[in-house]
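Student: Mapping the sequence shown onto the UniProt record's numbering, position 107 (from 1) lands on 107, and the numbers just tick up by one. Note that beta-carbon positions come from the ideal geometry of N, C-alpha and C, so glycine has one too. Here the structure is a predicted model, which means the values were calculated and not measured. Attaching a single structure in structure tokens format; questions to follow.
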Amino acid sequence: MIVPLGTFENEMTSRSLEYAYDYVDERRIHLLEEVSAGLFHAEVDGAERYDVDIRLRDDGIVFASCTCPYDYDGYCKHVGAVLLKLRDCGGQGKAVHAGPAKRVTTRCERVFDRVQGHMRKVLGLAEGDAWSRGRRVYLVWDQTEISAIVQANPDFASTNDALMPDETMKRVMEAPIRRHLDGDYGWRFEWGDSALNGVMDVFEEAERSTDYPRAVAHMCAALRKTWWFGRQIDDDEDGVLQEYVDRLCDRLLAYCYVVAPRVSIEQEKRMLDEIGMLIDDIPMDEMSYWKAPPLACVIPFADIHGRGLPRGDTAGDAPRRHDDAAEGHAAEAARFLDGMEKRVVPHRGPHEGVVASSDTWNGFRELVAKVRYDYLLYRGEGKQADSLLHDNIDAPVCRSILFAYMFLDERYADLAALIEKTITDDKVRENAARWRFAVDLPHGELTVLEACYERMGDREGIGRLYERYVAYGDSPSDERYIPLLKAMVGDGCWPQCVRNILGCYHDADFGGRALARLISEEGLSDEAVHLVTLRPDLLPELLYVIGIDHEELAETYVRERLPLTHDLRQGNRTEYRGIAVWIERYRHVFGLHRAEKLAKEVMAKYPRRYALREEIERALR
1 MIVPLGTFEN EMTSRSLEYA YDYVDERRIH LLEEVSAGLF HAEVDGAERY DVDIRLRDDG
61 IVFASCTCPY DYDGYCKHVG AVLLKLRDCG GQGKAVHAGP AKRVTTRCER VFDRVQGHMR
121 KVLGLAEGDA WSRGRRVYLV WDQTEISAIV QANPDFASTN DALMPDETMK RVMEAPIRRH
181 LDGDYGWRFE WGDSALNGVM DVFEEAERST DYPRAVAHMC AALRKTWWFG RQIDDDEDGV
241 LQEYVDRLCD RLLAYCYVVA PRVSIEQEKR MLDEIGMLID DIPMDEMSYW KAPPLACVIP
301 FADIHGRGLP RGDTAGDAPR RHDDAAEGHA AEAARFLDGM EKRVVPHRGP HEGVVASSDT
361 WNGFRELVAK VRYDYLLYRG EGKQADSLLH DNIDAPVCRS ILFAYMFLDE RYADLAALIE
421 KTITDDKVRE NAARWRFAVD LPHGELTVLE ACYERMGDRE GIGRLYERYV AYGDSPSDER
481 YIPLLKAMVG DGCWPQCVRN ILGCYHDADF GGRALARLIS EEGLSDEAVH LVTLRPDLLP
541 ELLYVIGIDH EELAETYVRE RLPLTHDLRQ GNRTEYRGIA VWIERYRHVF GLHRAEKLAK
601 EVMAKYPRRY ALREEIERAL R
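As structure tokens, this is what we get:
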């Protein structure tokens, strides 16, 4: 139902409307333009920069959409801010009266900035951190943080005192926890709580010990007990206990970093086996999200001399030479990584090892890939690390990191060729449902491809990409690519462009709202019937064009949605308004006379539904 522009505030909550006025006063609305007749697009600065699309018709709001993830009852604050701006401009907006080529270039520049920011975020770069070609970054290992922990704890591996026996260790950890669970503490955890004093006694004693394998075993036991204690608490909303677990993991990793040059290969094997048992005891779908997972303890053994990346951050040098001891430690660490990768298998087909769901298996596989990547970088084998990303390009984490390196290294042609080679229509269709809420990359990898085409000056590539946006885009905001594409190709090539879009649609057997808009504008009645068969939710947008050549079918579609062949359920106002909306749509297709006749047929079946009569009469005014 069309909402009047003058009274749209009735569709917003008071709090959202208040924020909308603030957004206008703070000038958070950017690039407001009329991209086609009645279709306005703007960008609004909220928590992120969101795209807002609004279609107006005769001072009424046909639809309004926003890429923000918030679920509002009515229009969100970003849409409200743009509507206020449009109303102040008399419904005209601030259209950019520039040539088509200039508008496309402006659009591409915004896309490039958005993709560049996303790639920097993938690699965890700070805002002012400069990027140099060939630079590589660690994904799990943080040398600065590990060094800070070591400097703050000079007692690491500094005493030969015997560790407490295993039975004593268990008793020391268990007793305070049992006392805590028996008391009424309201399940609120605070730093220094007596429940974890015993755990920390065990952990700190192990940190000071030079009995390396047993020290790691005791630290793993303390970490396991801390994680267990966190599982008993349901209200750790602030993530305090998880932060505690992450700090213990960091200290375990720092201990391995300190003792790596001192231990023998046999001691290293025993230490890694203890860490492997800890990993087995913790659900992998939880451990995959830890800031510094225990699996990262293999990284210091990749190069026991701790030299890390050659020249600080460049991966292009030849691999360094290592002595026999360093090679032996690295081989043992690689063996451990290989064993962990084989230990978990997806829940399908013949298998060996721990069975896990596909999501858990994929998450653990990505974790192993990140640790192995850091292992190779720390060892100084940057080219092998890049090869690892190429070999595991199907893994999302490897794919995103490889794309980030290639994009920031300005290898746009290579990246475009790689995306074109690996992306398929099935992948596009799978990702289409997520496009609407993706703030950084609204069309996933296709947005990256668009930025590459822009830097390469490939207008034909951008045109092909816009064709796919129109064919698959499932958000009203994707409709703006129709006028952009038409301006790029010109009237002479536009019919061929429409055929290309329909070809993409039929090849993937999937279409979205932007395609529905194109079909409506071009009057393709047969294509509209085919699309409605696949996407019944698009019938409101396609009803008029279906009625051009398939009048009986259009009437059948409307009658199926009216309570003529079935009875009303409870008959509330919302249901009545839905019936009135369909009668109004019927009126736009078949005229007022036939709509009144259909309305009388509905009201004759429900003569005492006065609220229904009121809604229908309002729709026919």
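Classify Arg618: buried if its beta carbon has 16 or more other beta carbons within 10 angstroms, exposed otherwise.
Tutor: Flag for Arg618 reads exposed.
Student: If we ignore side chains and look at the alpha-carbon of each, how far apart do Arg608 and Glu596 end up?
Tutor: Roughly 18 Å between the two C-alpha positions.
Student: If distances are taken between C-alpha atoms only, which option among Ala516, Ala487, Leu449 and Gly457 comes closest to Ala471?
Tutor: It is Ala516 whose Cα lies nearest to the Cα of Ala471.
Student: I'd like to know whether the C-beta atoms of Leu564 and Val602 end up nearer to each other than 8 Å.
Tutor: Yes. Within cutoff.
Student: Once you ignore the five residues that flank Val150 on each side, which residues in its own chain have a CB closer than 8 Å to its CB?
Tutor: So the qualifying residues of the chain are Phe156, Ala254, Tyr257 and Val258.
Student: Tell me which same chain residues have a C-beta within less than 7 Å of the C-beta of Ile146, skipping the five on either side of it?
Tutor: Counting only Cβ-Cβ distances below 7 Å, and skipping sequence neighbours, we find Leu253, Ala254 and Tyr257.
Student: Nearest to Leu534 by alpha carbon, out of Gly512, Glu551, Asp59 and Val216?
Tutor: Of Gly512, Glu551, Asp59 and Val216, the residue nearest in Cα terms is Gly512.
Student: Which residues in the same chain have their Cβ closer than 6 Å to the Cβ of Ala528, if we skip the five residues on either side of it in sequence?
Tutor: For Ala528, where only same-chain residues beyond five positions count, the Cβ hits under 6 Å are Ile519, Leu542, Val545 and Ile546.
Student: Just the C-alpha distance for Met271 and Ala152, rounded to the nearest angstrom, thanks.
Tutor: Using only the alpha carbons, I get a separation of about 23 Å.
Student: Taking the straight line between their C-alpha atoms, what separation do you get for Tyr378 and Arg335?
Tutor: When rounded, the distance between both Cα atoms is 16 Å.
Student: Among the residues of its own chain, which have a CB less than 6 Å from the CB of Thr7, if the five just before and after it don't count?
Tutor: So no residue of the chain qualifies.
Student: Over the uninterrupted beta strand (DSSP E) stretch that includes residue 626, give me the two end residues.
Tutor: No information on residue 626 is available, as it lies outside the stretch 1 to 621 that the chain covers here.
Student: Looking at the secondary structure, which residues open and close the alpha helix (DSSP H) in which Ser264 lies?
Tutor: Counting along the chain, Ser264 falls outside any alpha helix (DSSP H), and DSSP gives it neither H nor E.
Student: Please report the straight-line C-alpha distance between Ala296 and Leu388, rounded to a whole angstrom.
Tutor: The straight-line gap from Cα to Cα measures roughly 17 Å.
Student: What residue range does the beta strand (DSSP E) around Asp53 cover?
Tutor: Here the beta strand (DSSP E) through Asp53 covers Arg49 to Arg57.
Student: What are the boundary residues of the alpha helix (DSSP H) that includes Ile2?
Tutor: Segment: none, Ile2 is in no alpha helix (DSSP H) and carries neither H nor E.
Student: In whole angstroms, what is the alpha-carbon distance linking Val558 and His530?
Tutor: Going by the C-alpha atoms only, they are around 17 Å apart.
Student: Confirm the yes/no value for this check: CB of Leu553, any heavy atom of the ligand ZN, distance under 7 Å.
Tutor: Although the ligand ZN was asked about, the structure shown includes no ligands whatsoever.
Student: Under 8 Å by Cβ, that's how I've got Val24 and Lys85 pegged, so tell me the actual separation to the nearest angstrom.
Tutor: Indeed they touch by this definition, with Cβ atoms about 6 Å apart.
Student: Under a Cβ-count criterion, where at least 16 other Cβ atoms within 10 Å of its own Cβ denotes burial, should Gly363 be classed as buried or exposed?
Tutor: It is buried - the Cβ of Gly363 has at least 16 other Cβ atoms within 10 Å.
Student: Using CA atoms only, rank isn't needed, just tell me which of Ala395, Leu39, Ile61 and Thr168 is closest to Asp51.
Tutor: Of the candidates Ala395, Leu39, Ile61 and Thr168, the one whose C-alpha sits nearest the C-alpha of Asp51 is Leu39.
Student: Cα separation between Met169 and His218?
Tutor: Taking the straight line joining both Cα atoms gives about 8 Å.
Student: If you count every other CB in all the chains shown that lies within 10 Å of the CB of Asn392, and 16 or more means buried, which is it?
Tutor: Label assigned to Asn392: buried.
Student: Just list the residues that DSSP pairs His30 with in beta bridges.
Tutor: Glu43, per the DSSP bridge assignment.
Student: Could you tell me the alpha carbon to alpha carbon distance between Arg621 and Tyr466, rounded to whole angstroms?
Tutor: Those two C-alpha atoms are separated by around 40 Å.
Student: What residues in its chain sit with their C-beta under 8 Å from that of Thr556, if we drop five residues either side in the sequence?
Tutor: Once the five neighbours on either side are set aside, Thr556 has no close Cβ partner at all.
Student: Report the residue ranges of all beta strand (DSSP E) runs contained in full by the segment 373 to 415; include only those spanning at least 3 residues, in chain order.
Tutor: Listed in chain order, there is nothing to give.
Student: Quick one: give me the first and last residue of the alpha helix (DSSP H) that Val62 is part of.
Tutor: Per DSSP, Val62 belongs to no alpha helix (DSSP H); it is in the beta strand (DSSP E), Gly60 to Cys66.
Student: Trp494: which of Gly74, Arg573 and Arg464 sits nearest, CA to CA?
Tutor: The option with the nearest alpha carbon to Trp494 is Arg464.
Student: Report the partner residues of Ser520 according to the DSSP bridge assignment.
Tutor: Per DSSP, none; premise fails for Ser520.
Student: DSSP three-state call for Arg535: helix, strand or coil?
Tutor: Three-state result, Arg535: coil.
Student: Do Ile401 and Val122 count as a contact pair if the criterion is CB distance below 8 Å?
Tutor: Yes.
Student: If you reduce the DSSP assignment to three classes, tell me which class Val529 lands in.
Tutor: Helix.
Student: Give the secondary structure of Val140 by DSSP, where H, G and I count as helix, E and B as strand, and everything else as coil.
Tutor: Of the three classes helix, strand and coil, the one that applies to Val140 here is coil, per DSSP.
Student: Taking C-beta to C-beta, are Cys220 and Leu278 nearer than 8 Å?
Tutor: Closer than 8 Å, so yes.
Student: So what does Ser36 bridge to, in DSSP terms?
Tutor: In DSSP, Ser36 forms a bridge with Leu39.
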